[in-house]
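Engineer: Below is a structure I'd like to ask you about.
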Amino acid sequence: DTGVSQNPRHKITKRGQNVTFRCDPISEHNRLYWYRQTLGQGPEFLTYFQNEAQLEKSRLLSDRFSAERPKGSFSTLEIQRTEQGDSAMYLCASSLSQGLVSHEQFFGPGTRLTVL
Amino acid sequence: AQSVSQHNHHVILSEAASLELGCNYSYGGTVNLFWYVQYPGQHLQLLLKYFSGDPLVKGIKGFEAEFIKSKFSFNLRKPSVQWSDTAEYFCAVRPSGTTDSWGKFQFGAGTQVVVTP
């Protein structure tokens, strides 16, 4: 399978714990995006990378959230001191950006986080 | 700020009925437009996209959408639905322009479509 993969698929944690999710994009894609999706809503943008550079972060991304893409390939999203409001599906997507053109995004299956 | 509005949160219809899902966006500049679908238990998949040219675009599985710039709309249609079209449908908008510095999509809240046999 050469699509976007995410691990783990499910994560249950206690409030106050730290969690880390991983995303492996499609190999030739240089852009990687993180979204959060709650029940009854569409995905909400969190942040995105062009290669290893984090180019934009949403106001939704509090200082408890940090994302990295150290080698321009896979990315990690860490949430520190989790809160019940962090419970959501965390989606990763990747796309190919060529010059001024950015193509459609391909989504992974998501990581469902439940904070107890 | 840009926003995307999907008019219906839930739609229930019978097989062979026609489907139209509304999508309106607010943004003053040029946009790229997308419809994504999420089948039960699966991840988001692209149905169709509009970048430029013919405003009537055809996607997979018999879906099409029409971009009406004057109405800031990008409605999705299918003439005859099947039970397998039961899914959640998301409209997404991305501003396009000379810098392409805004790489993220703005998604609508989604429309849950249930097709009954």
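Chains as they are written, first to last, in the working numbering: chain C, 51 to 166; chain B, -3 to 113. Here a beta-carbon is modelled for each residue, glycine too, at the ideal position from N, C-alpha and C.
Give a yes or no on contact between the segment 88 to 107 of chain C and the segment 61 to 73 of chain C, applying the rule of three or more CB pairs nearer than 8 Å.
Structural biologist: Verdict: no, contact absent.
Engineer: So with Cβ pairs under 9 Å, would you call V110 (chain B) a contact of chain C?
Structural biologist: Within the second sequence, the letter at position 114 stands for residue 110 (chain B). Chain C contact via Cβ: absent.
Engineer: With 9 Å set as the bound, which would you pick, yes or no: does the beta-carbon of Y114 (chain B) sit closer than that to a beta-carbon of chain C?
Structural biologist: Within the shown structure, residues of chain B are numbered from -3 to 113, placing residue 114 (chain B) beyond reach of any answer.
Engineer: On the CB-based measure, 16 or more other CB atoms within 10 Å of its CB, does P8 (chain B) come out buried or exposed?
Structural biologist: For the purposes of this step, residue 8 (chain B) is taken as residue 12 along the second sequence, with counting starting at 1. The identity of residue 8 (chain B) in the sequence shown is Ile, whereas the question assumes Pro. Exposed, since its Cβ has fewer than 16 Cβ neighbours within 10 Å.
Engineer: Listed from N- to C-terminal order along the chain, which residues in the segment 111 to 139 of chain C have their beta-carbon within a distance smaller than 9 Å of any beta-carbon of chain B?
Structural biologist: Those residues of the segment 111 to 139 of chain C that come within reach of chain B (Cβ to Cβ, closer than 9 Å) do not exist; the list is empty.
Engineer: What does E154 (chain C) touch in chain B if you count any residue whose Cβ is under 7 Å from its own?
Structural biologist: The residue labelled residue 154 (chain C) in the question sits at position 104 within the first sequence. By Cβ distance, chain B contributes F30, L42, K45.
Engineer: So, is the C-beta of G106 (chain B) closer than 9 Å to a C-beta in chain C?
Structural biologist: Start at 1 with the first residue of the second sequence, and residue 106 (chain B) comes out as number 110. Yes, its Cβ sits closer than 9 Å to a Cβ of chain C.
Engineer: Indicate whether at least one CB of chain B lies closer than 9 Å to the CB of Y83 (chain C).
Structural biologist: One-based indexing of the first sequence puts residue 83 (chain C) at position 33. Yes, Y83 (chain C) lies at the interface with chain B (some Cβ there is under 9 Å from its Cβ).
Engineer: If you draw a straight line from the alpha carbon of F124 (chain C) to that of I64 (chain B), how long is it in whole angstroms?
Structural biologist: In the first sequence, the residue the question calls residue 124 (chain C) occupies position 74. In the second sequence, the residue the question calls residue 64 (chain B) occupies position 68. Approximately 38 Å, taken between the alpha carbons.
Engineer: I need the DSSP call for K74 (chain B), collapsed to helix, strand or coil.
Structural biologist: As a working mapping, residue 74 (chain B) is identified with position 78 in the second sequence. Here K74 (chain B) sits in strand by DSSP.
Engineer: The beta strand (DSSP E) that contains V27 (chain B), what's its start and end?
Structural biologist: For the purposes of this step, residue 27 (chain B) is taken as the residue at position 31 of the second sequence. Start and end: 27 to 34.
Engineer: Mapping DSSP to helix, strand and coil, what is D136 (chain C)?
Structural biologist: Start at 1 with the first residue of the first sequence, and residue 136 (chain C) comes out as number 86. Helix, per DSSP.
Engineer: Buried or exposed for T132 (chain C), please, with buried defined as at least 16 other CB atoms from any protein chain shown within 10 angstroms of its CB.
Structural biologist: Against the first sequence, residue 132 (chain C) aligns to sequence position 82. Classification for T132 (chain C): buried.
Engineer: For A83 (chain B), which option in B:V109, B:S66, B:G55 has the closest C-alpha, if you only look at C-alpha atoms?
Structural biologist: As a first step, residue 83 (chain B) must be located in the second sequence, where it is residue number 87. When each option's Cα is compared against that of A83 (chain B), the closest is B:V109.
Engineer: In whole angstroms, give me the CA-to-CA distance for S92 (chain B) and T26 (chain B).
Structural biologist: In the second sequence, residue 92 (chain B) corresponds to position 96, counting from 1. In the second sequence, residue 26 (chain B) corresponds to position 30, counting from 1. Straight-line Cα distance between these residues: approximately 6 Å.
Engineer: In this structure, how does DSSP classify D50 (chain B) when only helix, strand and coil are distinguished?
Structural biologist: Counted from its first residue, the second sequence places residue 50 (chain B) at position 54. If DSSP states are grouped into helix, strand and coil, D50 (chain B) belongs with coil.
Engineer: Taking S22 (chain B) as the reference, which of B:S(-1), B:E16, B:Y32, B:L29 has the closest Cα?
Structural biologist: As a position in the second sequence, residue 22 (chain B) is number 26, starting the count at 1. Here the closest residue by C-alpha is B:S(-1).
Engineer: Could you give the residue range of the beta strand (DSSP E) that holds D74 (chain C)?
Structural biologist: Residue numbering aside, residue 74 (chain C) sits at position 24 when the first sequence is read from its first letter. From DSSP, the beta strand (DSSP E) with D74 (chain C) extends over 69 to 74.
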